[in-house]
Structure formats: C-alpha cells, structure tokens
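Asks: Here the sequence shown is numbered in our numbering, starting from 108 and rising by one per residue.
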Amino acid sequence: MPSRPTLTRLLTCLLTVLSSGHAISETAKPAQDGLKQITEDASAISAAEPLINTSITPTGPDYHSFANSDDYRTKHLALDLNVDFARKVLHGKATLQIETLTQGNTPLILDTRELDIQSVQAGHNGQLHEVKFSLGAKDTHLGSPLRIQLPKDATTVTIAYQTTPGASGLQWLEPRQTAGKKHPFLFTQAQAIHARSFIPLQDSPRVRITYDATIRTPKSLRAVMSADNDPTVGKNGVYKFHMPQQIPSYLIALGVGNLDFKPMGKRTGVFAEPELLDAAAEEFADTESMLETTEEVYGPYRWGRYDLLILPPSFPFGGMENPRLSFITPTVIAGDKSLVALIAHELAHSWSGNLVSNASWGDLWLNEGFTTYLTNRIMQFVYGDERYQMEMALGYDDLQIDLAERKDGDEILAIDIRGRDPDEVFSNIPYEKGSLFLNELEQKVGRDNFDRFLLEYFNKFAFQSISSADFIKYLQQTLLKQYPDKLDMKRINQWIFAPGIPQGAPHPQSDAFAKLDPLRQQWLNGKIKTSDIDTSDWTFHQWKYFLDSMPEKLTATQLQELDKTFGLTASKNNEIAFSWLMITVRNNYQPANDRLQTFLTNIGRNKFLRPLYRSLMENGKADTAREIFEKAKPGYHPLTVKVNSLIVYGDKQA
Ligand code: BES
Ligand code: ZN
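#1: State yes or no: is the C-beta of HIS198 nearer than 6 Å to some heavy atom of the ligand BES?
#2: Are THR295 and SER251 closer than 7 Å when you measure CB to CB?
#3: For GLN667, count the other beta carbons within 10 Å of its own beta carbon; 16 or more makes it buried, fewer makes it exposed. Which is it?
#4: Would you kindly work out how many angstroms separate the C-alpha atoms of ILE152 and THR747, rounded to a whole number?
#5: Helix or strand or just coil, what does DSSP make of SER638?
#6: Roughly how far, in whole angstroms, is the beta-carbon of LEU661 from the beta-carbon of ASN700, given that I think they are within contact range, below 8 Å?
#7: Mind checking whether the beta-carbon of GLU475 lies closer than 6 Å to any heavy atom of the ligand ZN?
#8: Look at the Cβ atom of MET497, then the Cβ atom of SER617, and state whether they are nearer than 7 Å.
#9: Quick one: is GLN601 buried, meaning 16 or more other Cβ sit within 10 Å of its Cβ, or exposed?
#10: To the nearest angstrom, how far is the alpha carbon of ALA521 from that of ASN474?
#11: Decide if VAL377 is buried, meaning its Cβ has at least 16 other Cβ atoms within 10 Å, or exposed.
#12: Return yes when at least one heavy atom of the ligand BES lies under 6 Å from the C-beta of GLU428, else no.
#13: Express the C-alpha separation of MET657 and GLY633 in angstroms, rounding to a whole number.
#14: Measure the C-alpha to C-alpha separation of CYS120 and LEU675 and round it to an integer number of angstroms.
#15: Across the stretch 270 to 285 and the stretch 196 to 216, are there enough close Cβ pairs to call them in contact, namely three or more that are closer than 8 Å?
#16: If you pair each beta-carbon of the stretch 361 to 372 with each one of the stretch 322 to 338, do three or more pairs fall below 8 Å?
#17: What ranges does the alpha helix (DSSP H) occupy inside the stretch 435 to 523, keeping only unbroken runs of at least 4 residues that lie completely in it?
#18: Looking at the ligand ZN, does it come within less than 6 Å of THR482, judged from the CB to the closest heavy atom?
#19: Under 7 Å, Cβ to Cβ, is there at least one residue of chain E near ALA330?
#20: From the DSSP output, in three-state form, read off MET350 for me.
#21: Can you give the beta carbon distance from MET397 to ALA451, rounded, assuming they're within the 8 Å contact cut?
#22: Would you call ASP177 buried or exposed, if buried means 16 or more other Cβ atoms sit within 10 Å of its Cβ?
#23: Within this structure, are the beta carbons of ILE710 and PRO420 separated by less than 7 Å?
#24: Evaluate contact between the stretch 645 to 659 and the stretch 488 to 505, counting only Cβ atoms and requiring at least three cross-stretch pairs below 8 Å.
#25: For GLN583, count the other beta carbons within 10 Å of its own beta carbon; 16 or more makes it buried, fewer makes it exposed. Which is it?
#26: Take the Cβ of PRO351 as the centre, count every other Cβ of all protein chains shown within 10 Å, and call the residue buried at 16 or more, exposed below.
#27: Please tell me whether ILE524 and VAL532 are closer than 7 Å, where the distance is taken between their beta carbons.
#28: For the ligand BES, is there a heavy atom less than 6 Å away from the beta-carbon of ALA362?
#29: Using 7 Å as the threshold, is the C-beta distance between ARG409 and PRO355 below it?
#30: Any heavy atom of the ligand ZN closer than 6 Å to the CB of THR478?
#31: Looking only at its chain, what residues have a beta carbon closer than 7 Å to the beta carbon of SER722, apart from the 5 residues adjacent to it on each side?
#32: Just the Cα atoms here: how many angstroms apart are TYR357 and LEU623?
#33: Name the residue from PHE424, GLN589, PRO423 and HIS349 whose alpha carbon lies nearest to the alpha carbon of ARG412.
#34: Using 6 Å as the cut-off, classify the Cβ of ALA299 as near or not near the heavy atoms of the ligand NAD, replying yes or no.
#35: Under the rule that 16 or more other beta-carbon atoms within 10 Å means buried, what is THR181, buried or exposed?
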C-alpha cells in the first residue's frame, strides 16, 4: 500500500514540484506559474468564495503548445490533402479561419513538427496574399513554432505543406502488415501532441475547432475521418468530410486502407478490412446497447453516428476516442466479447473527453479518470454487477502496481508535466486513481445524486476545455454545497494534488476473484494439481486475476504444469497471453520464447510492449530485448519505437 499523504506531505510535494525546474525549452512559455496558479485557485476555493463563472477560462498556460491562442483563436480548419503511399507523405493545404483576440502586431504562432512548409498566404474575404513566415528552433518534445506575419484584419491563413516520412503522428503500413496483405494502410494518432506532425495548427486541447477535409487516396482505398463518414459512398479516391462540432486538435483523425463497412445497429457500425469485418461486427455487437444505456444516464449522444475503425495490430493503443469514429486495435477481437470494455471506454469519451476536454495534458485525468469511471458503469449497465466488480477490481490492482513504481510527483492527478513529453509520462494513475476518486464521491453522495451531478457537469461544460481548477470550482458550486456534511475540500485537494490514495478510499474487490485465491494457494503449496482445478466456467477476468496474482517466482515444474494443463503459451486471448508472458519472462521459461517474439513483433500496443520490454531488461535479458526490438522496429509505430527504445537502450540511443 502507498503511504498516506498528510497535509505536510502534500505541501512538501507541491513545493518540490514547484521548484523541480524541469528542463524548460527556451522557446517554451514562462513556466513557473502553472501549478502555482492551480494550487492558489484550489486554496482560494477552499476559502469558500463560490465562484459563479459561466465562461470558462482555462487556468494557466498550456506548456505543450507554442500557439499564442490568447492572441488568435482558430475557429475552423479546411484540409485538402493527398495521401502518397509511395513517398509516405501527406501533401496539400491547410486553411485556418482565425479570430484576432488582441490588438497589436503579434505574429500568429502555430505548432509544427518536422513539417515541410512551402508557402503561407493570408488575408480576408477570399483575398489572400503570400506572407512571410519562419520556423523556430526545434524542441525535442514540442516541435518547431511556425511564426506567420499576418496582415491587419486577416481572418484566413492558408499553408501549403507536406509531412515527412517519419511524422510522429502517422503510421504508414506496408501491405504485409495488414490483414489482407494486398493494400497499404495509413492511420493517424494525434493525442497528445502529434496533430502538429501532420497539420500546422494551434495544437492545444483548449482550442476547439470545426473542420472540413478533402482527402485524395489511391482509387482502391477508402479514407475515413473523425467526422461524418458516409458508409454508402463507394471507393473512388476522393473523400469529403465535415465535422460540425467544435473539437480539440488531438481528436482530428484519418485512416486510409482497404476498408469496408458493416452496420451493427441504427447509429453504430464498423469499418474494417474485409478479412476482419464480420468478426469485428460480431465481437462489438453490443455497441448500440452501450450507446443507448449511456445516454439514459449521462444525457444525449451529441455526435450523430458512432462507428469503429479496426486498425492493423501495430496501432500503439487499445483504442482512441476519435469523435464519431473510435480507432480500435484488432487485438481485442477475442471471439467471446471478453475485452469489449475497451469499446465502452472509447464510447464513454464521447461524454468525458470529447464533450468536456482537459485544457492541458497535466489534467489528463479529467479525460481518462472520468472515462474509466464511466466505462465501469457502462459495463454494469450492459453486463451486470459481477462484471462491474471484476472490471473495477482489476483496475484497482493495476493502480496499486503503478503507485508502487512511480515517484510521488507522478502519482498526482493534476500532474505537473511541464518540460516533459506526455508520451513518456503515460501511466494508469490518471485512469484508475481518477476513477477511484469519482467512485468515492459516488459512494459519499449516493449513486443517483452522483449520476445527476455528472449529467449536469457534461451539460454545463459541453464543448469546452477545462482544468482541474475549473472542476474544483464546479464541485464547490454543486456537491460541496449540497453535501457539506459528506464532502470536504481538504480531502478533495488530497485526491487531486497529493500522491497516493487517501486513507479509507474505496477498495473494489470481487467475490469471483476471492474464491480463486485459496485454489491458487493450495496449488502453490503442492496440495492440489492444476488438473484438480475446475476452470470450465472461468471468465476471462478470472483467468487474468488468477495469473496476475501469481507470486514473482515460480519453479520450472510449476510453469510447465500451468502451461500443459491450461495451454497458456498458445492462448488466443491477447490479454491472457500478455499476463502469461509477463510470468514466463521473469521466470525464464524457455518454451514461451517463440510466442514472446511473435507477440512483440506483431503487436504494437504499448500497454503490452512496455512492461514486457521492461521485464526483459530487469531480468538480465537486455540482449534478447534488443534483438527482438531491432527485428520488430521496422513494423512499429513511431511512438512505439520512441517509448520502447528508451526502455531497451536507456536515454542514450532514442
Ligand atoms: N485516449 C486514450 C489513448 C491515449 C491517451 C492516447 C493519452 C494518447 C495519450 C484512449 O482512450 C485510451 O485510454 N486507451 C486505452 C483504453 C483502455 C484503458 C481501455 C488503451 O489504449 O489501452
Ligand atoms: Zn481513454
């Protein structure tokens, strides 16, 4: 268990974070006041002055964008892009409609990363003229600021550009990396700060825009976007999109491949390669019911259709909540719906994240913690109480692992990640600690009241980007006022600003898991054999729990027995395979080596890859880790290469 933070520890921790002086690039914004602002806000709030503020002004700067979004705000983006698979580049034009917020002659600053900017035009009423621009020095994490000298009254800026083949937000796949093996595939992944590697724009989650796009592809392929995909349009090589709702740049997404469509319900369907289409539609057949039950509790789904795009297995995440079209790894198509919490999760983001978004990446918990809480609830609506308890209990165990591994500063929900790469900070903390916090609020005020609170929260902040401080202000105006005897600001501050989890926090457990403990124990003590255990009605979740709670060390005989009876090395469920491989790596169980190698080579999901590579390194297998990594690298996504080469080579050779 992590230690309990006292008030002193909380203060010490805040001071440490404030004075930690993370490397701040010369070009980045003034650094020291972000967290201070939040903490001051939080303490000002606890001084009990109820702030009724309807127009949300996000607190503090966004340290992960160069954009001067307080001087100029982009309102709309129009893209016209060609998808060139031979050169592995997107090329064309991005046109931004901007509003000028301050007077004066400041240049417009956009975010870019490794973009080749060819020309910039600006003006208004269709009268555009070539203008001067310059690209600033490259920052390792942030890319390069693009400074554009705007004529007075300019409302339109058009940038002609092309991407570079290594763009961090794109993965160009060879036909052999796809299910059909005949056509290439391209997909984008913009969260957190990679939209700038394929579009020059204000790449901050506090800037919300609508967009249009024309995407030109080879004729045999289909393009889909986080916009109004029309599944009835045939493949013809030119695709037009419109996204009428205001979204942050990290939700702009494009996929191009040999894609077909199959409907699952009235508003839901799947885009996938034909080889995967039926299996995917069957696996995710409950998506429509998930959508309906979520609406009943948290308010209307405001995005029109909800479709899924099934990607090749190199996709670095399980899923990505691109609006109207979640991007999904094929590795969750297990054949028994055991891994569909992922769909509930991406769908839930249509409320928590896409409707109400974090205004900067230090507040990721506002997206992921709320979404994890909603995911569990959706799983309960659709699959019942037992599944709910099991999902929560597994989440809680994941949290314990991360809390044991992280430094205090990284255990904080409103985390200070100034000067750091959001990709490298990624952990379960914003997800599971955030969710546990909401779980506690729910328990304290009662489920119905908390449901109403969330419904109103989504309505109040719909299509806005907010900070932890904004959330706290809102709590002050609502739950804290309504339930002064049940909630207090001190504990809420502790949840959001202190490491660890407060004493007396909920501890989700599952009876279905508890009954496995004595069996595992008896087997470990040699009292029973694996063949004595009746696993015929075990669910995926029970298998995962059974394996994840094995002791660090098992003997060769124990490993063989487990594998022989349960066929674990051959498991077709990727989560089970992963849990088993974690055991085999730390115990040096040779018969699983081939499976390990194919697993690490064919799958790009970092939730699996990072722990496996880390474990290889920690268990004296650096050579094996590097050998597999080098072999697999040409097929990995740029993000997968980045985060895992840090693991296998350390800082020296990223
Ligand atoms: N939005 C995230 C993925 C993400 C987070 C990308 C931060 C970049 C930066 C997505 O919704 C997510 O959380 N995916 C998880 C799903 C899981 C928790 C069910 C994943 O990919 O594993
Ligand atoms: Zn998420």
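In this text, a Cβ means the ideal position worked out from N, Cα and C, and glycines have one as well.
Replies: Considering the structure as presented:
#1: no
#2: no
#3: exposed
#4: Because ILE152 sits at a pLDDT of 35, beneath the cut-off of 50, its placement in the model cannot be relied upon, and the point is left open.
#5: helix
#6: That belief does not hold up - the Cβ atoms of LEU661 and ASN700 are roughly 16 Å apart, past 8 Å.
#7: yes
#8: yes
#9: buried
#10: 12 Å
#11: buried
#12: yes
#13: 14 Å
#14: Because the pLDDT at CYS120 is just 39, under 50, the model does not fix this residue reliably, and the value given afterwards should be weighed accordingly. Answer to the nearest angstrom: the Cα atoms are 43 Å apart.
#15: yes
#16: yes
#17: 448 to 455, 471 to 490 and 492 to 512
#18: no
#19: The displayed structure is made up of one protein chain only, and chain E is not part of it.
#20: strand
#21: 5 Å
#22: exposed
#23: yes
#24: yes
#25: buried
#26: exposed
#27: yes
#28: According to the sequence as given, residue 362 is Gly; it is not Ala. No.
#29: no
#30: yes
#31: MET689, VAL692 and ARG693
#32: 42 Å
#33: HIS349
#34: What this structure holds is the ligand BES and the ligand ZN, not the ligand NAD.
#35: buried
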